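Undergrad: Same order as they appear, the protein sequences are chains F and H. Sequential numbering from 1 applies to the first sequence in the UniProt record's numbering. Sequential numbering from 1 applies to the second sequence in the UniProt record's numbering. For glycine and all other residues, C-beta sits at the position ideal for the given N, C-alpha and C. Everything numeric in this text was worked out from a predicted model, so none of it was measured. Following this message is one structure expressed as structure tokens.
Protein chains: 2
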Amino acid sequence: MQDQLKLDNFICFAVYTASHALNRVYKPLLDTLGLTYPQYLAMVSLWEQDGQTVGGLGEKLFLESSTLTPLLKRLETAGYVRRERSREDERVVVIRLSEEGIRLKEKAIGIPGCIAAASGRDAVDLTRLQAEIVALREALNKSVA
Amino acid sequence: MQDQLKLDNFICFAVYTASHALNRVYKPLLDTLGLTYPQYLAMVSLWEQDGQTVGGLGEKLFLESSTLTPLLKRLETAGYVRRERSREDERVVVIRLSEEGIRLKEKAIGIPGCIAAASGRDAVDLTRLQAEIVALREALNKSVA
DNA sequence: TACGATTATTTATTGCACGATATAAATTCC
DNA sequence: GGAATTTATATCGTGCAATAAATAATCGTA
């Protein structure tokens, strides 16, 4: 049989299942923060840079605003962010961390270490692999655009 | 600032966004087959080996039966598979490809090539990266178990 | 001022993923 | 042989992601 259509040879299957595996490691950690995985990513991005617009966040997270809007509303309901329409340009909504959202960072600071530990690799190796996967992503994104 | 909590250094973010990027490349291809991405993976597994049980499929795809059952029902509604209770062990449900499901393979045979092309890497490099990501998955899965 | 472009929201749909629970057969133990 | 245990699957309910399409508001510009 040609191994053309064999699951174990699919890069996509590897990425897909790795993503699930990561999610399973994250789940219990994020549960303690009351965040889902994409919500966590949004928070990380806001901890990096507060006051981003919905569109700006979407660009960083590779998500459409129609995906982000309900997600951000949940974060607002949870009390982690505020959504404020910009004064300068009233089309734009700016997302700002609340006090509680800022505090949450302290509880999240240990998570990357847990993941790294679970991956069973040292930091250097992990960084290299991470860069490779990013390169794959960029190539794929370029092919679609 | 410590780059501890920096999105661009997260292996998880790389995998997550790469998974999305793959999905975007797949989407138009799979639309012509009338399949979603996880449905496609299930079909690939069945093309490899017809007549698998729900549990067996779940083990290969790393999915719970509670996730697979509705997915397989949709494939059944689409006319690609039949779900038959096993004679020997009536707890077990066996999934069998329909004629149409078997024929679908011909239309799918070209997809992996498209993905490989979109990734912008040669086969050897892709295989190497694939193996690395699988290794990451295995390490993560082991850490949860 | 009118028009096109930008930005976000709303609405609706589809499907994934999982936990909890129920069920049912097979196996094992007494 | 019958009861308890194990194993496998299905069902139900919840939550959320992701997208498409339509709408609305605003901005910049011709």
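Chain F partners of residue 78 (chain H), CB-CB under 8 Å?
TA: Within the second sequence, residue 78 (chain H) is the residue found at index 78, counting from 1. Near residue 78 (chain H) there are no residues of chain F at all, since even the closest Cβ is about 19 Å away, more than 8 Å.
Undergrad: Quick one, are the C-beta atoms of residue 82 (chain F) and residue 98 (chain F) less than 8 Å apart?
TA: Here residue 82 (chain F) refers to the residue found at position 82 of the first sequence. Here residue 98 (chain F) refers to the residue found at position 98 of the first sequence. Yes. Within cutoff.
Undergrad: Would you list the one or two residues that DSSP bridges to residue 97 (chain F)?
TA: As a first step, residue 97 (chain F) must be located in the first sequence, where it is residue number 97. In DSSP, residue 97 (chain F) forms a bridge with F:81.
Undergrad: Is it right to say residue 60 (chain F) is buried, meaning 16 or more other beta carbons lie within 10 angstroms of its own, or is it exposed?
TA: As a working note, residue 60 (chain F) is residue 60 in the first sequence. Residue 60 (chain F) should be labelled buried.
Undergrad: Starting from residue 49 (chain F) and walking both ways along the alpha helix (DSSP H), at which residues does that stretch end?
TA: Position 49 of the first sequence, counted from the start, is the residue given in the question as residue 49 (chain F). It is not in any alpha helix (DSSP H) - residue 49 (chain F) carries neither H nor E in the DSSP assignment.
Undergrad: Kindly indicate if chain H contains any beta-carbon less than 8 Å away from that of residue 120 (chain F).
TA: Start at 1 with the first residue of the first sequence, and residue 120 (chain F) comes out as number 120. Chain H contact via Cβ: present.
Undergrad: Can you tell me whether residue 52 (chain H) is buried or exposed? The criterion is at least 16 other CB atoms within 10 Å of its CB, across all chains shown.
TA: Working through the second sequence from its first residue, we reach residue 52 (chain H) at position 52. Buried is the call here.
Undergrad: Roughly how many whole angstroms lie between the Cα atoms of residue 136 (chain H) and residue 109 (chain H)?
TA: Numbered from its first residue, the second sequence carries residue 136 (chain H) at position 136. Numbered from its first residue, the second sequence carries residue 109 (chain H) at position 109. Cα-Cα distance, rounded: 28 Å.
Undergrad: With a threshold of 16 other CB atoms inside 10 Å of the CB of residue 25 (chain F), please say whether the residue is buried or exposed.
TA: Looking up residue 25 (chain F) in the first sequence gives position 25. Residue 25 (chain F) should be labelled buried.
Undergrad: DSSP three-state label for residue 109 (chain H), please.
TA: As a working mapping, residue 109 (chain H) is identified with position 109 in the second sequence. For residue 109 (chain H), the secondary structure class from DSSP, reduced to helix, strand or coil, is coil.
Undergrad: Could you compute how far the alpha carbon of residue 30 (chain H) sits from the alpha carbon of residue 106 (chain H)?
TA: The residue you call residue 30 (chain H) lines up with position 30 of the second sequence. The residue you call residue 106 (chain H) lines up with position 106 of the second sequence. The straight-line gap separating the alpha-carbon atoms of residue 30 (chain H) and residue 106 (chain H) is approximately 13 Å.
Undergrad: Going by the beta-carbon positions, is the gap between residue 133 (chain H) and residue 118 (chain F) smaller than 8 Å?
TA: As a working mapping, residue 133 (chain H) is identified with position 133 in the second sequence. As a working mapping, residue 118 (chain F) is identified with position 118 in the first sequence. No, they are not a contact pair.
Undergrad: In this structure, does DSSP put residue 63 (chain F) in helix, strand or coil?
TA: For the purposes of this step, residue 63 (chain F) is taken as residue 63 along the first sequence, with counting starting at 1. Of the three classes helix, strand and coil, the one that applies to residue 63 (chain F) here is coil, per DSSP.
Undergrad: In whole angstroms, give me the CA-to-CA distance for residue 12 (chain F) and residue 54 (chain H).
TA: Residue 12 (chain F) sits at position 12 when you count from the first residue of the first sequence. Residue 54 (chain H) sits at position 54 when you count from the first residue of the second sequence. Going by the C-alpha atoms only, they are around 22 Å apart.
Undergrad: Between the alpha carbons of residue 67 (chain F) and residue 42 (chain F), how many angstroms are there, rounded?
TA: Walking along the first sequence from the start, residue 67 (chain F) turns up at place 67. Walking along the first sequence from the start, residue 42 (chain F) turns up at place 42. The C-alpha of residue 67 (chain F) lies about 12 Å from the C-alpha of residue 42 (chain F).
Undergrad: Where does residue 87 (chain F) fall in DSSP's three states?
TA: Stepping through the first sequence from its first residue, residue 87 (chain F) is reached at position 87. The answer is coil: DSSP assigns residue 87 (chain F) none of H, G, I, E or B.
Undergrad: Closer than 6 Å by C-beta to residue 92 (chain H): which residues in its own chain qualify, once you throw out the five before and the five after it? Chain order, please.
TA: Numbered from its first residue, the second sequence carries residue 92 (chain H) at position 92. Closer than 6 Å at Cβ, skipping near neighbours: 53, 86.
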